[in-house]
Amino acid sequence: MRVYQTNEIKNIALLGSAGSGKTTLAEAMLYESGVIKRRGSVEAKNTVSDYFPVEQEYGYSVFSTVFNVEWNNKKLNIIDCPGADDFVGQAITAMNVTDQALILINGQYGPEVGTQNNFRYTEKLKKPVIFLVNQLDSDKCDFDTIISSMKDIYGPKCVQIQYPIETGPGFNALIDVLLMKKYSWKPEGGAPIIEDIPAEEMDKAMELHKALVEAAAENDETLMEKFFEEETLTEDEMREGIRKGLVTRSIFPVFCVCAGRSMGVRRLMEFLGNVVPFVSEMPKVHNTRGEEVPAETSGPESLYFFKTGVEPHIGEVSYFKVMSGSVKPGDDLSNADRGSKERIANIYVCAGANRQPVDCLNAGDIGCTVKLKDVKTGNTLNGKDCDNRFDFIKYPNSKYSRAIKAVNEADTEKLMAALTKMRQEDPTWVVEQSKELRQTIIHGQGEFHLRTLKWRLENNEKLPVKFIDAKIPYRETITKAARADYRHKKQSGGAGQFGEVHLIVEPYADGMPDPVSYKFNGQEFKMNIKSKEVIDLEWGGKLVFINSVVGGAIDTRFMPAILKGIMERMEQGPLTGSYARDVRVVVYDGKMHPVDSNELSFMLAARHAFADAFRNAGPKILEPIYDLEVYVPADFMGDVMSDLQGRRALIMGMDSEAGYQKLQAKIPQKELASYSISLSSLTGGRASFTTKFASYELVPNEIQQELIKAHEAEMSDKDE
Numbered sequence: 001m002r003v004y005q006t007n008e009i010k011n012i013a014l015l016g017s018a019g020s021g022k023t024t025l026a027e028a029m030l031y032e033s034g035v036i037k038r039r040g041s042v043e044a045k046n047t048v049s050d051y052f053p054v055e056q057e058y059g060y061s062v063f064s065t066v067f068n069v070e071w072n073n074k075k076l077n078i079i080d081c082p083g084a085d086d087f088v089g090q091a092i093t094a095m096n097v098t099d100q101a102l103i104l105i106n107g108q109y110g111p112e113v114g115t116q117n118n119f120r121y122t123e124k125l126k127k128p129v130i131f132l133v134n135q136l137d138s139d140k141c142d143f144d145t146i147i148s149s150m151k152d153i154y155g156p157k158c159v160q161i162q163y164p165i166e167t168g169p170g171f172n173a174l175i176d177v178l179l180m181k182k183y184s185w186k187p188e189g190g191a192p193i194i195e196d197i198p199a200e201e202m203d204k205a206m207e208l209h210k211a212l213v214e215a216a217a218e219n220d221e222t223l224m225e226k227f228f229e230e231e232t233l234t235e236d237e238m239r240e241g242i243r244k245g246l247v248t249r250s251i252f253p254v255f256c257v258c259a260g261r262s263m264g265v266r267r268l269m270e271f272l273g274n275v276v277p278f279v280s281e282m283p284k285v286h287n288t289r290g291e292e293v294p295a296e297t298s299g300p301e302s303l304y305f306f307k308t309g310v311e312p313h314i315g316e317v318s319y320f321k322v323m324s325g326s327v328k329p330g331d332d333l334s335n336a337d338r339g340s341k342e343r344i345a346n347i348y349v350c351a352g353a354n355r356q357p358v359d360c361l362n363a364g365d366i367g368c369t370v371k372l373k374d375v376k377t378g379n380t381l382n383g384k385d386c387d388n389r390f391d392f393i394k395y396p397n398s399k400y401s402r403a404i405k406a407v408n409e410a411d412t413e414k415l416m417a418a419l420t421k422m423r424q425e426d427p428t429w430v431v432e433q434s435k436e437l438r439q440t441i442i443h444g445q446g447e448f449h450l451r452t453l454k455w456r457l458e459n460n461e462k463l464p465v466k467f468i469d470a471k472i473p474y475r476e477t478i479t480k481a482a483r484a485d486y487r488h489k490k491q492s493g494g495a496g497q498f499g500e501v502h503l504i505v506e507p508y509a510d511g512m513p514d515p516v517s518y519k520f521n522g523q524e525f526k527m528n529i530k531s532k533e534v535i536d537l538e539w540g541g542k543l544v545f546i547n548s549v550v551g552g553a554i555d556t557r558f559m560p561a562i563l564k565g566i567m568e569r570m571e572q573g574p575l576t577g578s579y580a581r582d583v584r585v586v587v588y589d590g591k592m593h594p595v596d597s598n599e600l601s602f603m604l605a606a607r608h609a610f611a612d613a614f615r616n617a618g619p620k621i622l623e624p625i626y627d628l629e630v631y632v633p634a635d636f637m638g639d640v641m642s643d644l645q646g647r648r649a650l651i652m653g654m655d656s657e658a659g660y661q662k663l664q665a666k667i668p669q670k671e672l673a674s675y676s677i678s679l680s681s682l683t684g685g686r687a688s689f690t691t692k693f694a695s696y697e698l699v700p701n702e703i704q705q706e707l708i709k710a711h712e713a714e715m716s717d718k719d720e
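Count the sequence shown with UniProt numbering and you get residues 1 to 720, in order.
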């Protein structure tokens, strides 16, 4: 392959809902451009894109696949992305390192929830969009209804370039209103027959052609002036107007393809080669210091590693985009994130598992390399006198969590190593070793996402694992003030142990005034504050520790030990063993012994005094509450709302957005545990949701009693 310059390279993300035909379209594009001699199929498990065993097992794309084609002396780097919402991280990565989104629409169903999700991400990232209506040969396809639905959702920016003469099993021809030609195919597809538009289609074609000319002219003042004067534009002028409209997201061209029979694919690729913006025409990326990094071959060498694949017999395959400069085999580079040095032994361009070595890749190009020592997904490698770092990919919050453990405990270390390696391939798998919950928790985008991880561990790594329910990180707090004292005394030959602590606990809120006095059982306790420490707890909330001991009843040197004893009980609350938060503790009196008092004695006395006071201070359990947004088709709204109300959710609002209903609610984390499965079941997989931690709130009393009983039973089992 020859070396391409930045102004000859186009980077494209291939997106769409599961089942829309992306893998089949990728296969057709590779075939039409001569990269492969024969088209594979998902059913035959021999496609370029779905080459991992787990993808062949499930019949779904799990990983994005990078491939490239050469067309009309242009290089098109294309990333075929999984359609299932569970693997959205792959699509988000691809959108961030490419400059153009091709969104497939399933001709049987029209725009789906996955289409909406992808489009929302292109909006956030300001990426150009081309829509492709696929599967026009399906007997369920109603093209006019699909176009009407798209215009309702995406507005007048949706402009047809093509339309089919008929849809269903008889589909074999379309009208192209940019070229004003009819394209038709023999039943087996292949090269099109290009003819003049038949008379019976001319009125419709002219109407759509005029709308396209007007949409193209709107993106350039000169073109607009010419359009007003002549009411038409040349083919080249239209291409220029469409290109400018793509860059500014002022136009969303709509194409027709039947990927399964390779109809319309060659014409699509001509458009990609001729019209889609080059890397050099797109907005510049910024490094972590906010500086623009132009995609220029003359700039300093800088590579961003956006994806890691692990392949049998090869190991890690590291995919990168050349952000600036040029990279050649043998280059010595510095890892800006890890401080290590790397030598790039070889560089390749890819077509799935097939890699072709090349001599050079220039700014804007995408390639891969193997056998790097210390490069992880998200790292930047720089040449001499360059210190770029990039951190522009932001992944969505997790939606589904399970605790994981090896069936054989001896495999625990091996399991952690495998999970670390797999997270390099998919950063939306989040591994948490929770000290609080004493579990290893895997957070992902859905049940299928985690089921895929389990399959790979058991089949690729030969590691039997089991999922169990993840515990909920409850918190404990108090609702009123309480007082307690405790004397720790131990004498057993030699030096003894003695420490006595009197303290008061009360709920704490930011901005509370310091205490002056307390009343318990008619007795007043006046405070004389000597010192105050406000501790921001790593699990959220605060502990305020006040020393109000007078007359030297407890020596100041024992205060750190008293605080340590209290902190130990804060880490294991008396109700459920959960972390406690938002408590103010005032130590106001105590006793010590000139010989037997020591740090251990006061630490133990403080622990017991704090636990006793906490139990008498109206203790309450708090649970994590999440903000939930559900995107759901209107006809499922009632079922979804009813289900949420059964999950103790509080509905906060509803909006219509792009053809779907957006429902906002607050929901306890406990009720989210199986929500992705239930929502998919309720809506046939046509809804999606996002979550974000909101706050801790009191649990209802009946649930508090259940949690306390469960904790007591667990403690009693441990004691037996």
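Built from N, CA and C at the ideal position, the CB exists for glycine as well.
I'd like the span of the beta strand (DSSP E) that includes G89, first residue to last. Taken as a continuous stretch (DSSP letters only), G89 belongs to no beta strand (DSSP E), being part of the alpha helix (DSSP H) at 88 to 97.
Exercise. So who's on the other strand from Q523, going by DSSP bridges?
Worked result: F520
Exercise for review: Helix, strand or coil for E296, going by three-state DSSP, please let me know.
Suggested key: coil
Worksheet item: Going by C-alpha distance, which of I441, E292, G16, G264 is nearest K181?
Response: G264
When the Cα atoms are used, what is the spatial distance from Q669 to S678? 15 Å
- Query: Thinking just about the alpha-carbon of each residue, which of G511, A509, M527 is nearest to the one in E517?
  - Reply: The question names Glu, yet the displayed sequence has Ser at residue 517. Per the Cα distances, M527.
Identity of the residue in N219, G383, G40, N106 nearest T297 by Cα: G383
| Where do the ends of the beta strand (DSSP E) carrying V586 lie? | 583 to 591
Beta-carbon proximity list for D391, same chain, < 8 Å, skipping 5 on both sides:
T288, G378
- Is A215 near L223, with beta carbons less than 8 Å apart? no
### Task
In angstroms with no decimal places, state the Cα-to-Cα distance between I442 and D86.
14 Å
Does the separation of the CB atoms of K399 and Q439 fall below 8 Å?
no
Measuring only the C-alpha atoms, how far is R338 from I566?
39 Å
For F525 and D627, I'd like the C-alpha separation in whole angstroms. 43 Å
Notebook entry, point to check: What whole-angstrom Cβ distance do K620 and L698 have, given they're in contact under 8 Å?
Noted result: 5 Å
- Three-state secondary structure assigned by DSSP to R239: helix
- Task: Pick out whichever of Q5, I130, M29 has its Cα sitting closest to the Cα of L104.
- Result: I130
Note to self: Assuming V35 is part of the alpha helix (DSSP H), what are its boundary residues?
What the structure shows: Taken as a continuous stretch (DSSP letters only), V35 belongs to no alpha helix (DSSP H), as it is neither H nor E.
Ends of the beta strand (DSSP E) at residue 732? Limits of the chain in this structure are 1 at one end and 720 at the other, which puts residue 732 out of reach.
For A345, which three-state DSSP category applies? coil
For Q116, name the three-state secondary structure that DSSP assigns.
helix
Quiz item: What's the call for E231, buried or exposed, on a 16-neighbour Cβ count within 10 Å?
Solution: exposed
| request: Ignore the nearest five residues each way along the sequence and tell me which others in L372's own chain have a CB closer than 6 Å to its CB. | output: S318, E342
Exercise for the section: Would you give the residue range spanned by the beta strand (DSSP E) that V358 belongs to? Expected result: 354 to 358
Item checked: Neighbourhood of A26 by C-beta distance below 8 Å, restricted to the same chain and skipping five residues each side -> L14, T47, V48, S49, T65, F67, I78, D80
Closest by CA to Y675, which one among F255, P169, F448?
F448
* Asked: Sorted by chain position, which residues of the same chain lie with C-beta nearer than 7 Å to A205's C-beta, five sequence neighbours on each side aside?
  -> I175, V177, M180, I197
On a CA-only basis, which of N118, Y109, G89, N106 is nearest Q100? Give me that one, please.
N118
**Residue of G315, F255, Y508 minimising C-alpha distance to D536** = Y508
- Message: Less than 8 Å between C-beta atoms, sequence neighbours within five positions excluded: which residues of the same chain meet that for E8?
- Response: N73, K74, K75, F278
Helix, strand or coil: how does DSSP classify Q704 here?
helix
Exercise for the section: Please say whether A605 and E500 have beta carbons closer to each other than 8 Å? Expected result: yes
Exposure label - H488; buried when at least 16 CB within 10 Å:
buried
Check your understanding: Helix, strand or coil for M512 per DSSP?
Key -> coil
Of all the CB atoms in chain B, is at least one closer than 8 Å to the CB of Q100? Here there is only one protein chain, and chain B is not present.
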